[in-house]
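Chemist: If you read the sequences in order, they're chains A and B.
Sequential numbering of the first sequence, starting at 1, is according to full-length UniProt numbering.
Sequential numbering of the second sequence, starting at 1, is according to full-length UniProt numbering.
Protein chains: 2
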Amino acid sequence: MDQTPLPQINHQHETFTEGLLLDCGTVLAPLQIAYRTYGTLNADRSNAILICHALTGDQYVAEQQPLTGKPAWWGNLVGPAKPVDTNRYFVICANVLGGCMGSTGPRSPRSTGSEDLWGIDLPPITIQDMVRAQKMLVNRLQITRLFAVVGGSMGGMQVLAWASLFPEAVFAAVPVATAPYHSAQNIAFHEVGRQAIFADPDFFGGRYWEHGVVPSRGLAVARMTAHITYLSEAALTRKFGRRLQGNNALSPVLFGERFAVESYLEHQGSSFVRRFDANSYLCITRAMDFFDLAADHGGSLASAFRGSRTRFLLVSFSSDWLFPTTESRILARALNQVAANVSFVEIISDKGHDAFLLDEPDFHRTVAGFLGGAAEAAGLK
Amino acid sequence: MDQTPLPQINHQHETFTEGLLLDCGTVLAPLQIAYRTYGTLNADRSNAILICHALTGDQYVAEQQPLTGKPAWWGNLVGPAKPVDTNRYFVICANVLGGCMGSTGPRSPRSTGSEDLWGIDLPPITIQDMVRAQKMLVNRLQITRLFAVVGGSMGGMQVLAWASLFPEAVFAAVPVATAPYHSAQNIAFHEVGRQAIFADPDFFGGRYWEHGVVPSRGLAVARMTAHITYLSEAALTRKFGRRLQGNNALSPVLFGERFAVESYLEHQGSSFVRRFDANSYLCITRAMDFFDLAADHGGSLASAFRGSRTRFLLVSFSSDWLFPTTESRILARALNQVAANVSFVEIISDKGHDAFLLDEPDFHRTVAGFLGGAAEAAGLK
């Protein structure tokens, strides 16, 4: 497996020397936020849409990823004449705090000019910290109110945190395939991934870069486990079933043949380690685990949104078992409790959690329609 | 984590010097089958019930496990005055071929007197091989026909293989929480467990005993992953929810606190490595993956049971997502197609796959009732 450390690319970014006071009490300074924009900000700066990415996503929402050369990760939703139409809207997407694509994270120096990196010692980051960092970027771009904030999975958690922390700055919110808290089962899946990373001898207590290696096997196992949870059983069966495919390179003696689903997972694991940092994976999975909006509001989820004038579109997918419809329903109920403006759509799909990234016409029509209506209400031209 | 190799206990066993011709074409000789019996075989040798254990089970179905000191793993179902009543039936339970509790497996010598162990070079074992080995034991006990064969999960696969390979030797069959094939999702979960074991530097290409260690961290990660699949989300939420519990011993700096569900999983992982052999885990998960009764019968599951006079009781559990009710239904349909005698009960439980091992009164009543009726039909006193 590839052991080469991730290259450091010079991503477009803003630097905030004053730093950010994190939920844990530490000031992280300087703060760097890497981001990309698409389309044109209109004269009254009212057509900005912020896209929040998921656990292993990045800021390259609508263009080729420079490290992997892969196409835009949400190119079917965001772009010219797409549901999030960059001919009409000014789209911003930032790498999350704790990430590894140019925003401050485990690969950042501990202080300006320092040779030593944060690594695993980066103070714990919360979803709210990520959102506060994005708010600093939005302020720097001189945008007072975002027309919309849109995101799926962990991106959806950020959308919820935006609507809760900065209700006046969010005209419309689209949390997709997400939940107001991370479930015990999801924490459990994250934990086995982390344990696989910790168990890798190349982890070196989180200081692997000092040894010129990365804990690639552990990170690959973490990715493989997570990947299963992104798909539905139906999708796995349709794609692979019990089809055999070639020999088992990893253990030819014991097993001889291998299943196509195994080759697929192995590919997912090994390509992931070439684009993602293990300490970032630890940091961000932990942020998700600790996300619990109700707990942050004295046990009342509704309180997180009291008085909100934001228009919400909640979207879930019927076969998503990582963030099942029941969790979006809890959210819808809480929003109804405080008389928020909320639409809730469950998209029928057998593609599992991953559906939010795939070509799902019903989903895309729903988003386009909602944004169109909201634009009218906002008086956007 | 505990690195001590598993102690070799002298388990009760039978030896078959002629060995067994495996599905892969190799003769495994000598063959040793470790087993336990409970109750008394009646005069006409007609009251024997064979219990087939699951992936990580063993022959100690109704008594304390000698290695761990833990209570009988199916003590709520099997024992005096229990649904499988050892006052009435003669119960046999054997460690599966490929296991690590005394039957021939990766910890066995390659040949009589050899110092070298099979390890990962053990020829691949199938579910049918396990059953043929059990048949040799049953023959040695001079039992021509088993009154019943009962098993859950991988034990249920063995029950199906028994009914298919030796229909005249099985009066009644009780496959519980199982399926006629292993699904793509289940293969995928097994594969990440195996990759975690392979990634452990103490695996030493499967020859870890030569180094006086065991790949405990990899095996623990495998167990943790699998354990999540044994529970339902509802069960995890009820047991742990998002409760925090003490500090994170494994990584105090990054995470500070840890969730109760994480401590629980860690305990499951670390206690498992003290009782199970990593090569056995590889060997047996692979046997499950390759199980596909329909494929073995030209694509027709019904053909596996054509002409069968066995009475079947199929049991599934409503919240089991590892072996969901849909898969038992496929089985029921195939049995109906060949006019087999089949009852099918879905037990309503929110405890997931694990429910078959737990105190589920509906399940126990169902088994007791079915066996009582079958005993009458068989003319058992």
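Ideal placement from N, C-alpha and C gives every residue a C-beta, glycine not left out.
Quick caveat: nothing in here was measured; it's all calculated off a predicted structure.
What are the start and end residues of the beta strand (DSSP E) that includes A:Ala-222?
Modeler: No beta strand (DSSP E) contains A:Ala-222, which is instead part of the alpha helix (DSSP H) from 216 to 230.
Chemist: For chain B, is any of its Cβ atoms less than 9 Å away from the one on residue 389 of chain A?
Modeler: In the structure as shown, chain A starts at 1 and stops at 381, and residue 389 of chain A therefore has no counterpart that could be examined.
Chemist: With DSSP as the reference, label A:Gly-151 as helix, strand or coil.
Modeler: strand
Chemist: Name the chain A residues that come within less than 9 Å of B:Arg-333, Cβ to Cβ?
Modeler: Within 9 Å Cβ-Cβ: nothing; B:Arg-333 doesn't reach chain A, min ~17 Å.
Chemist: Over the uninterrupted beta strand (DSSP E) stretch that includes A:Cys-52, give me the two end residues.
Modeler: 48 to 52
Chemist: Could you list which residues in chain A have their beta carbon closer than 8 Å to that of residue 382 of chain B, in chain order?
Modeler: Missing from the structure shown is residue 382 of chain B; chain B here goes from 1 to 381 and no further.
Chemist: At a Cβ threshold of 9 Å, is B:Ser-251 touching chain A?
Modeler: A caution first: B:Ser-251 carries a pLDDT of 42, below 50, which makes its placement in the model unreliable, though a value can still be read off. It does: the Cβ of B:Ser-251 has a partner Cβ on chain A nearer than 9 Å.
Chemist: Under 9 Å Cβ-Cβ, which residues of chain A neighbour B:Phe-189?
Modeler: Thr-225 and Ile-228
Chemist: Is the Cβ of B:Trp-321 closer than 9 Å to any Cβ of chain A?
Modeler: yes
Chemist: On a CA-only basis, which of B:Ser-328, B:Pro-7, B:Gln-8 and B:Ala-302 is nearest B:Ser-183? Give me that one, please.
Modeler: In this structure, B:Ser-328 is the residue among B:Ser-328, B:Pro-7, B:Gln-8 and B:Ala-302 with its C-alpha nearest to the C-alpha of B:Ser-183.
Chemist: Just mark B:Thr-366 as buried or exposed, buried being the case when its beta carbon has 16 or more other beta carbons within 10 Å.
Modeler: Classification of B:Thr-366: buried, given that the 10 Å Cβ count is 16 or more.
Chemist: Is it right to say B:Pro-175 is buried, meaning 16 or more other beta carbons lie within 10 angstroms of its own, or is it exposed?
Modeler: buried
Chemist: Which residues, taken in chain order from the segment 282 to 296 of chain A, show a beta carbon closer than 8 Å to some beta carbon of chain B?
Modeler: The segment 282 to 296 of chain A vs chain B, Cβ under 8 Å: Leu-282, Cys-283, Arg-286, Asp-289, Asp-292 and Ala-295.
Chemist: Give me the DSSP bridge partner(s) of A:Leu-122.
Modeler: None; A:Leu-122 has no bridge partner.
Chemist: Is there at least one Cβ from chain B nearer than 9 Å to A:Pro-109's Cβ?
Modeler: With 9 Å as the cut-off, A:Pro-109 does not count as an interface residue toward chain B.
Chemist: Does B:Pro-201 come out as helix, strand or coil in the three-state DSSP assignment?
Modeler: helix
Chemist: Just checking: is the beta-carbon of residue 382 of chain A within a distance shorter than 9 Å of some beta-carbon in chain B?
Modeler: Beyond the ends of chain A as shown, which are 1 and 381, falls residue 382 of chain A; an answer cannot be given.
Chemist: Is it right to say A:Leu-358 is buried, meaning 16 or more other beta carbons lie within 10 angstroms of its own, or is it exposed?
Modeler: exposed
Chemist: I'd like to know whether the C-beta atoms of A:Ala-72 and A:Gln-65 end up nearer to each other than 9 Å.
Modeler: yes
Chemist: For the beta strand (DSSP E) that contains B:Leu-282, what are its first and last residues?
Modeler: Premise fails: B:Leu-282 lies in the alpha helix (DSSP H), 278 to 289, not in any beta strand (DSSP E).
Chemist: Anything in the segment 11 to 39 of chain A with a Cβ closer than 9 Å to a Cβ of chain B? List those residues in chain order, please.
Modeler: Cys-24
Chemist: Taking the alpha-carbon positions, what's the A:Leu-165 to B:Thr-225 distance?
Modeler: 35 Å
Chemist: Confirm, please, whether the CB-CB distance from B:Pro-106 to B:Gly-98 is below 9 Å.
Modeler: yes
Chemist: Would you say A:Pro-201 reaches chain B, if we count a Cβ-Cβ gap shorter than 9 Å as a contact?
Modeler: Closer than 9 Å: yes.
Chemist: Would A:Phe-272 pass as an interface residue toward chain B - the criterion being a Cβ-Cβ separation below 9 Å?
Modeler: no
Chemist: Classify B:Glu-18: buried if its beta carbon has 16 or more other beta carbons within 10 angstroms, exposed otherwise.
Modeler: exposed
Chemist: For A:Arg-45 versus A:Tyr-60, is the C-beta spacing smaller than 9 Å?
Modeler: No.
Chemist: Would you tell me roughly how many angstroms separate the C-alpha atoms of residue 402 of chain A and B:Thr-237, rounded to the nearest one?
Modeler: Outside the shown range of chain A, which is 1 to 381, sits residue 402 of chain A, and nothing can be said about it.
Chemist: Alpha carbon to alpha carbon, how far is B:Gln-195 from B:Ala-222? Give it in angstroms, no decimals.
Modeler: 8 Å
Chemist: To the nearest angstrom, how far is the alpha carbon of B:Glu-376 from that of B:Val-84?
Modeler: 15 Å
Chemist: Candidates B:Met-101, B:Phe-189 and B:Gly-155: which alpha carbon is nearest B:Ile-9's?
Modeler: B:Met-101
Chemist: Express the C-alpha separation of B:Val-192 and A:Leu-335 in angstroms, rounding to a whole number.
Modeler: 39 Å
Chemist: Can you have a look at A:Thr-112 and say buried or exposed, based on whether 16 or more other CB atoms are within 10 angstroms of its CB?
Modeler: exposed
Chemist: Can you give the beta carbon distance from A:Leu-22 to A:Leu-31, rounded, assuming they're within the 8 Å contact cut?
Modeler: 10 Å between Cβ atoms; not a contact.
Chemist: Could you name the residues of chain B that A:Tyr-181 contacts, counting a contact when the two beta carbons are closer than 8 Å?
Modeler: Those within 8 Å of A:Tyr-181 in chain B are Arg-242.
Chemist: With a cut-off of 8 Å on the beta carbons, I'd call A:Leu-6 and A:Asp-200 a contact; round off their distance for me.
Modeler: Not a contact, Cβ separation roughly 16 Å.
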